Each structure stands twice: as structure tokens, then as C-alpha cells.
Amino acid sequence: MPAGATRPARDICSDCGLCDSRWVAYVRRACAFLHQGFEAMEQAAHGRSRDLENEDELYFGVSRTMATARLRQPLEGAQWTGIVSRIGVRALESGLVDAVLCVQQSPDDRFTPVPILARTPEQVLAARVNKPTLSPNLKVLEQLPGSGIRRLLAIGVGCQVQALRAVQNTLPLDQLYVLGLPCVDNVSRAGLQTFLESSSRSPDTVVHYEFMQDFRIHFRHSDGSTETVPFFGLDTPRLKDVFAPSCLSCFDYTNAGADLVVGYMGAEFGRQWLVVRNGLGEQLLDLVRPELDMAPVTSRGDRRAAVQQGIDAYDKAVKLPRWLAELVGAVVQRIGPKGLEYARFSIDSHFTRNALWVRRHHPEIAERHIPAFAQRIVSRYRLPST
Ligand code: FAD
Ligand code: SF4
565 MPAGATRPAR DICSDCGLCD SRWVAYVRRA CAFLHQGFEA MEQAAHGRSR DLENEDELYF
625 GVSRTMATAR LRQPLEGAQW TGIVSRIGVR ALESGLVDAV LCVQQSPDDR FTPVPILART
685 PEQVLAARVN KPTLSPNLKV LEQLPGSGIR RLLAIGVGCQ VQALRAVQNT LPLDQLYVLG
745 LPCVDNVSRA GLQTFLESSS RSPDTVVHYE FMQDFRIHFR HSDGSTETVP FFGLDTPRLK
805 DVFAPSCLSC FDYTNAGADL VVGYMGAEFG RQWLVVRNGL GEQLLDLVRP ELDMAPVTSR
865 GDRRAAVQQG IDAYDKAVKL PRWLAELVGA VVQRIGPKGL EYARFSIDSH FTRNALWVRR
925 HHPEIAERHI PAFAQRIVSR YRLPST
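Positions 565 to 950 (our numbering) are the ones given, in order, by the sequence shown.
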């Protein structure tokens with residue numbers, strides 16, 4: 565946080581960047597951590613709020629279609645196959661937008677985010693791959709007035725998108741497109757170091773990592789080698805305090821306000837997951853449709869017992885020995901949830917953990933902060949006492 569900057573959300577601020585722009589004037593109703601307005605946001609962005617009786621919408625939000633996909637020619641150096649960056653490039657090349665809000669990296673540190681308004685395909689490509697740290701994306705809104713940018717594609721995670729949607733009508737734009745990423749368990753730059761040191765055999769050479777659908781973290785090192793570590797072998801006692809408090813109090817995993825969401829969690833291993841929420845999302849996907857190998861979503865397995873066991877183990881901060889973690893990992897990988905059921909496993913695990921965290925650390929806001937859809941999901945499980 566810059567010296568002297570105010571952050572009304574205090575310890576649960578995600579440093580989304582709004583407070584570094586003149587739109588800080590709207591912070592009380594725009595900040596995702598001060599005011600939860602999912603229904604109004606969905607209504608304004610998609611024309612309706614999610615149908616809580618529809619199991620897919622309860623979990624994944626308003627959607628027209630879901631699919632899985634890969635770029636036929638994956639983009640070298642992207643997080644997955646690069647669908648997000650390719651959409652950004654095509655949006656500029658086709659003239660759909662004048663600029664793309666995306667996140668490059670600091671020249672000194674691969675994991676320090678540098679948000680920009682990209683005006684060329686090269687600048688969008690230079691923003692490919694995740695910077696797995698809190699990124700103040702919305703501070704670049706400050707550059708909009710006088711820039712000549714009238715049509716913008718914003719790429720971002722849920723907390724950034726919630727604040728952006730809340731101020732959208734006050735921005736000097738004719739058209740805004742929002743391409744969302746699902747997001748959980750983000751960290752500060754210092755927290756990232758602790759995470760890498762406790763999880764990887766060579767923390768200083770990690771250039772890329774992802775929690776993948778095979779229940780393992782895949783680390784890529786600067787020499788091109790890959791290391792995988794089972795989720796169940798993580799040092800839970802040490803990592804409990806690593807994730808940012810904002811992420812421990814977030815229920816917008818699947819980015820409810822975006823026009824189009826591109827992640828991986830609802831797809832089988834190796835593929836990306838697409839959720840089209842509205843007509844603008846269709847337009848974004850159409851930009852790259854001819855370049856995609858697409859397939860319907862699938863769902864296998866039953867997550868519920870595994871989620872309940874995980875809640876109890878996390879609360880007791882159990883750390884399994886490596887051999888047992890490998891064994892559990894191998895079994896879960898073979899018979900565990902796949903496709904949309906994996907996505908539900910991850911949502912259930914994170915929403916229950918976060919509900920407990922909010923009730924314990926901020927009981928005064930818990931009732932109004934945890935949205936109705938998350939309350940409904942959390943109520944399906946037995947939680948330890950607060
Ligand atoms: P690329 O073409 O490589 O483009 C990546 C894009 O991410 C770039 O446009 C860049 O601007 C943007 N970006 C990078 N870092 C940040 C940041 N810190 N904040 C905002 N935007 C950023 N997907 C899931 O399905 N489940 C998850 O749990 C999940 N967690 C995530 C956590 C974080 C912190 C981030 C940034 C992403 C997460 N994703 C998750 C999304 C997923 O990892 C991929 O980013 C997504 O599938 C796009 O892959 P790609 O190859 O198309 O992206
Ligand atoms: Fe400001 Fe964003 Fe932090 Fe909320 S999350 S206090 S809007 S910087």
C-alpha cells in the first residue's frame with residue numbers, strides 16, 4: 565500500500581487499486597469488502613440475478629453457456645493455453661476496444677504486478693501468465709480521462725470486477741467489456757515467499773505455479789523443469805496465515821460480475837473452463853472461437869465426504885507426512901471429483917473455510933458480508949464451532 569493511502573476496508577482490503585484513483589469517492593458502496601451487492605451487480609450486468617434454485621447458477625453464477633476449451637495453438641508462456649491473452653489481442657486487432665486493462669510484471673521481479681492500459685497486442689502479450697499476488701488493477705482508471713480510450717476490455721479477478729462494476733456508469737467510457745478470472749488464495753508478495761519456501765524444493769527458481777485439477781500444485785522452474793506437490797502435503801499450520809485476509813473473506817470465486825469467465829476449475833485436467841454470462845461475453849468469445857478446440861462441460865464423482873473431511877483437517881491444521889500425502893493424492897486423483905464436480909469441491913472447501921474465518925475474525929460483519937448463495941452452500945456442511 566502506498567504511504568499515506570487510506571484503505572477503508574483496512575485489514576481485509578485486497579488492494580484492488582480503486583482507492584488509488586479519483587473513484588475512491590465511491591469506495592463506501594464500491595469496495596467488495598465494505599458492501600456486498602451481488603444481486604444488484606448481476607442484475608445490472610446480466611439483466612437478472614442468479615437463480616438460487618438452479619444448482620449450476622447457485623455455484624457458478626448467471627450463465628448462458630459453459631464449455632471447456634483449449635487454444636489449438638497454445639500461447640507460449642501463458643498460464644494455461646492463453647485464451648485470455650488471445651481474446652485481449654483480438655479485441656484490439658478487431659477494433660472492438662481501444663485498450664485492454666491487464667497486468668504486466670515488474671522488470672525486477674516476475675511476481676510483482678504492474679497493471680497497465682495496453683494499447684497494442686504486444687503489450688497485452690507481455691501481460692500473459694498469472695502474477696499470483698494482490699494487484700492494484702483499478703489504479704489505472706486514473707489514466708482514462710483524456711486518454712482517448714472510449715471502449716475498454718478489463719481483465720480482472722472478482723474483487724476488482726465488483727468495484728469496477730460499481731463505478732462503471734461514472735467512467736468516461738462508451739463501452740466496457742469484462743473478462744473475469746476465477747480467483748482464490750491470493751497473497752501479498754511477502755506471503756508468496758512464505759508459500760514458495762514451505763512448498764517447493766527450490767523456491768527461488770519458481771517462475772510459474774498453479775493448483776491443478778489433479779489435486780497437485782505444479783511448479784515450473786527457470787531451467788524448464790516441473791515439480792508437483794500434492795495438496796494434501798501442504799504445510800497447513802504454516803500456511804494458514806499466508807493467504808491474504810481479503811481472500812479469506814471473499815465469496816466471489818467465480819467472478820460473478822464478468823461478462824465472460826475463463827478459468828480451469830470446471831474443466832478436466834489440461835483444458836480451460838468458459839462461462840458466458842451475457843451477450844457481451846458471447847462477443848468476446850466469438851473473437852477466438854475459430855481458434856478453439858471446444859467441448860461440453862462434464863462432471864464426475866461426489867465431492868461431499870471429501871469436503872467435510874477437509875473442513876475438519878484444515879481446522880485442526882493437520883499436516884500429513886509426505887508419503888501419506890502422496891498416497892491420499894493418488895487415490896483422490898483416481899476416484900475423486902472431476903470437471904464441474906471438482907469446481908464444486910473447490911468452491912465448497914473455500915466457502916466453508918472463509919465463512920468460518922469471517923465468523924471468527926469479523927463476527928460483526930458476517931451476516932451481511934456472506935452472500936445468500938454462499939450461506940446456502942455453507943449450510944450443507946457441519947462447521948467447527950466459532
Ligand atoms: P493468460 O493468457 O496467461 O493471461 C493471464 C491474464 O491474467 C493476463 O491477462 C493478466 O492481465 C491477468 N492477471 C495476471 N495476474 C493477475 C492478478 N494478480 N490480478 C488480476 N489479473 C491478473 N482459475 C481457476 O479456475 N481456479 C482458481 O482457483 C484460480 N485462481 C487464480 C488466482 C489468481 C491470483 C489468478 C491471477 C488467476 C486464477 N485463476 C484461477 C485463473 C487461471 O489461473 C488463469 O489465469 C486463467 O485460466 C487464464 O489462463 P490463460 O492461459 O488464458 O491466461
Ligand atoms: Fe479500496 Fe479496493 Fe482496498 Fe476496498 S479493496 S479498500 S476499494 S483498495
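Note that beta-carbon positions come from the ideal geometry of N, C-alpha and C, so glycine has one too. As the structure is a prediction and not an experimental result, all values here were calculated from the model.
Closest to residue i by C-alpha separation, out of the options, would be which residue?
i: residue 858; options: 869, 831 and 877; result: 831
i: residue 682; options: 676, 877 and 690; result: 690
i: residue 839; options: 630, 917 and 897; result: 630
i: residue 622; options: 940, 917, 949 and 946; result: 940
i: residue 834; options: 871, 846, 779 and 799; result: 779
i: residue 900; options: 887, 798 and 866; result: 866
i: residue 648; options: 802, 743, 782 and 947; result: 743
i: residue 604; options: 820, 708 and 748; result: 820
i: residue 661; options: 587, 670, 651 and 761; result: 651
i: residue 948; options: 923, 929, 936 and 806; result: 923
i: residue 885; options: 795, 754, 685 and 791; result: 795
Can you tell me where the beta strand (DSSP E) with residue i in it begins and where it stops?
i: residue 644; result: Premise fails: residue 644 is in no beta strand (DSSP E) and is neither H nor E.
i: residue 807; result: Looking at the DSSP string, residue 807 is not in any beta strand (DSSP E), and its letter there is neither H nor E.
i: residue 682; result: 673-682
i: residue 577; result: Per DSSP, residue 577 belongs to no beta strand (DSSP E) and is neither H nor E.
i: residue 631; result: 629-635
i: residue 587; result: Looking at the DSSP string, residue 587 is not in any beta strand (DSSP E), and its letter there is neither H nor E.
i: residue 669; result: 663-670
i: residue 861; result: First-last for residue 861: undefined, no H or E at that position.
i: residue 785; result: 780-785
Measure the alpha-carbon distance for residue i versus residue j and round it to whole angstroms.
i: residue 637; j: residue 856; result: 8 Å
i: residue 787; j: residue 769; result: 8 Å
i: residue 572; j: residue 591; result: 8 Å
i: residue 607; j: residue 653; result: 29 Å
i: residue 598; j: residue 919; result: 16 Å
i: residue 663; j: residue 724; result: 17 Å
i: residue 824; j: residue 726; result: 14 Å
i: residue 897; j: residue 617; result: 30 Å
i: residue 567; j: residue 771; result: Any reading at residue 567 is ruled out, since the residue's pLDDT is 40, under 50, leaving its predicted position unreliable.
i: residue 774; j: residue 927; result: 32 Å
i: residue 782; j: residue 710; result: 43 Å
i: residue 655; j: residue 767; result: 36 Å
i: residue 570; j: residue 789; result: 42 Å
In terms of residues, what are the limits of the alpha helix (DSSP H) holding residue i?
i: residue 790; result: Here residue 790 belongs to no alpha helix (DSSP H); instead the beta strand (DSSP E) covers 790-794.
i: residue 603; result: 602-610
i: residue 920; result: 904-925
i: residue 889; result: 886-899
i: residue 759; result: 753-763
CB of residue i to nearest heavy atom of ligand 1: below 7 Å?
i: residue 699; result: yes
i: residue 645; result: yes
With a threshold of 7 Å (Cβ to nearest heavy atom), would residue i be considered close to ligand 2?
i: residue 581; result: yes
i: residue 614; result: no
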